[in-house]
Every structure is written in structure tokens, then in C-alpha cells.
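**Q** First the structure, then my questions, so here it is.
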Amino acid sequence: MFKIETYQPLNVLKPIDDTIWLVDGPVIGFRYMGVSLPFPTRMTVIRQNNGDIWLHSPVKISPELKTQIDALGPVRYLIAPNTIHYASIPEWMQAYPAAESFGVAGIAKRAKDNGINIRLDHILDDVADPGWAGEIDQVVVSGSYLTEAVFFHRASRTLILTDLIENFEAHKIKSPIWRFLVRLFGTMDPHGAAPRDMRATFMGYKPALRRAVDQMIAWQPERIILAHGRWYENNAVAELKRAFSWV
């Protein structure tokens, strides 16, 4: 019913810097009030100083994509960054049994409720794992519906968000109804933000969210990678202040 254009080409590494890449994946259907809404997907790939590969919010795996990533280095870390983004973790764990899986609290239960069995080796908190400490910083944002780990890659000065900002481009949305809903949710490019219904779930958590946003700003990122929609290639701090003005 609702259709949206993807960010072609899909399932290929797209360099941002010498040590960080994007992979745009296929559209997935997100169930909302009984309707399947189309969301383009995006994974972030970081090669650490020791050559280890860190994968954030993995998209669906393919043989071609696996070959490209294997050429970068050994996959060590698989990150399920929030309580919505976890569905592809099991297939990546099967492909890379030596990798460690990380996710925020609440994923296992949410996944089980949706018929997905997922094993997390570690729960993410505000302290970076020793495997990437000093290269990738993090802070966890918790609400009544969504818990999300936010990451900052120091070398490329890149902030990595998942659903705390969504930024859909109008010309890619083919359904007038879906285009109207995106505007209603407050997630239309260039003024992307957290969806309005999601913002309401943070009402009792605003002091902690405000501290997390202050930390994101303090990192002074140059760009912001998003999982859904056009990501911000520059003016990252200004976009953060705008997108989280509701906080």
C-alpha cells in the first residue's frame, strides 16, 4: 500500500571516511496500528585501529555484502542499538560465530514477543566496552517505549543515531497518505526529529534525555548518521539542537 524509494545502490559499502562506511539496506515494514509502514534501513560499519570491524544496526545480510565486509577485517562486534533494531542480529551471529553481540536492555523480551530468538552477549550502558573504548563513545537514552544507545566515532567525528531522529525525504515517498503521516509525525526532511508519538513516551524521562542530548552536543560531531532517511553530512550540532528542541 505504502511505497518508498530506497537509497541505491543497496547492500554495498559506501565510504564516509577512511574508517567508516554506510550500507543502505532494503525497505522493511514497521507495524503501526495494524498497518505496515515502509522504512528504508541503514547500517554503519567502523574499522577500529586494530582492524576489528564494528557493525551498528545490521541490515539483512547477503553473500555480496559479507564478501565486502570480510575484505575490511574480522567482524568482532554486532550492535543492536535499540529496542526496535535487532531483527537481523541472529543471521549475522550465525555468519560470524566468533563475533560478540551487544544490545540495550529489553531487546530479548521485545524480540521474543515478536517471535525472534536473540542472544545478547552484553548489555549496552553509558560505559564503552573495552573492545572499542577510546575510539567510540556512547550514551544510553531510555524511555517507556524506546531505549537507544547513541554512539560517537571519534576519528571521523560522526554521531550515530537510530530512531531518535528520523528524516524522510518527501520525493522518495510515493504514497500521499504516507507522506501526510510523515509530516504529521514531524519526521520529514529537512526537519527530521523523533516521531511525535515517540516523544510522548519520553515525558517522564526528560531530565535524563536532556543530559544525553547535552553529551551528544559536547562531543561536537561533524555529521549524524541516521538509520531512516537522509542523514546529515554537516552542521551536526545545529541539527541536534533543532531536532531536540522539544526536550
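197 is the number that my numbering gives to position 184 of the sequence shown; each next residue is one higher, with no gaps. Just so it is clear, CB atoms sit at the ideal spot from N, CA and C, and this is done for glycine as well. Bear in mind that the values here come from a model prediction, so they are computed numbers and not experimental data.
If distances are taken between C-alpha atoms only, which option among V25, Q107, V163 comes closest to D150?
**A** Selected option, being the one with the closest Cα: V163.
**Q** Alpha carbon to alpha carbon, how far is I178 from I82? Give it in angstroms, no decimals.
**A** So the two alpha carbons sit approximately 26 Å from each other.
**Q** Would H204 and E18 be called neighbours here (beta carbons separated by less than 9 Å)?
**A** The answer is no: Cβ separation not under 9 Å.
**Q** Locate the alpha helix (DSSP H) running through K79, then write down its first and last residues.
**A** Looking at the DSSP string, the run of the alpha helix (DSSP H) that includes K79 is 76–85.
**Q** Quick one: complete alpha helix (DSSP H) runs, 4+ long, within the segment 111–177?
**A** Complete alpha helix (DSSP H) runs here, min 4: 120–126.
**Q** So the beta strand (DSSP E) V250 belongs to, where does it begin and stop?
**A** Where V250 is concerned, there is no enclosing beta strand (DSSP E), although the alpha helix (DSSP H) it sits in stretches over 249–256.
**Q** Reducing DSSP to helix, strand and coil, say where L91 ends up.
**A** Looking at L91 - three-state DSSP - the assignment turns out to be strand.
**Q** Sort out for me which residues DSSP pairs T269 with in a bridge.
**A** The chain is shown only over 14 to 260; residue 269 falls outside these bounds and no answer can be derived.
**Q** Measure the C-alpha to C-alpha separation of P71 and G217 and round it to an integer number of angstroms.
**A** In a straight line, the C-alpha of P71 is about 30 Å away from that of G217.
**Q** D30: which of W67, I59, L159, M201 sits nearest, CA to CA?
**A** When each option's Cα is compared against that of D30, the closest is I59.
**Q** Go to P28, then tell me how far its beta strand (DSSP E) extends in each direction, as first and last residue.
**A** Looking at the DSSP string, the run of the beta strand (DSSP E) that includes P28 is 27–30.
**Q** Would you kindly report the start and end of the unbroken beta strand (DSSP E) that includes R243?
**A** No beta strand (DSSP E) holds R243; DSSP gives it neither H nor E.
**Q** Considering only DSSP beta bridges, list what A206 is partnered with.
**A** Bridge partners of A206: E179.
**Q** Cα separation between N95 and G116?
**A** Cα to Cα, N95 sits roughly 7 Å from G116.
**Q** Does the contact criterion of 3 or more C-beta pairs under 8 Å hold for the segment 108–124 versus the segment 133–144?
**A** Yes, the segment 108–124 is in contact with the segment 133–144.
**Q** Three or more beta-carbon pairs under 8 Å between the segment 54–69 and the segment 86–94, yes or no?
**A** At 8 Å Cβ cutoff, the stretches touch.
**Q** For I97, which three-state DSSP category applies?
**A** Three-state result, I97: coil.
**Q** Mapping the DSSP letters down to three states, classify V260 as helix, strand or coil.
**A** Of the three classes helix, strand and coil, the one that applies to V260 here is coil, per DSSP.
**Q** Can you check which of these residues, R55, L50, P28, W191, is closest to D37 by C-alpha distance?
**A** Selected option, being the one with the closest Cα: R55.
**Q** To the nearest angstrom, how far is the alpha carbon of R167 from that of K125?
**A** For R167 and K125, the distance between alpha carbons rounds to 34 Å.
**Q** Helix, strand or coil for W105 per DSSP?
**A** Residue state, collapsed to three classes: helix.
**Q** For A225 and V140, which I take to be in contact (beta-carbon distance under 8 Å), what is that distance rounded to the nearest angstrom?
**A** Contact flag wrong, Cβ pair sits at about 14 Å.
**Q** Which residue's Cα is closest to the Cα of K79: N24, A111, D227?
**A** Answer by Cα proximity: N24.
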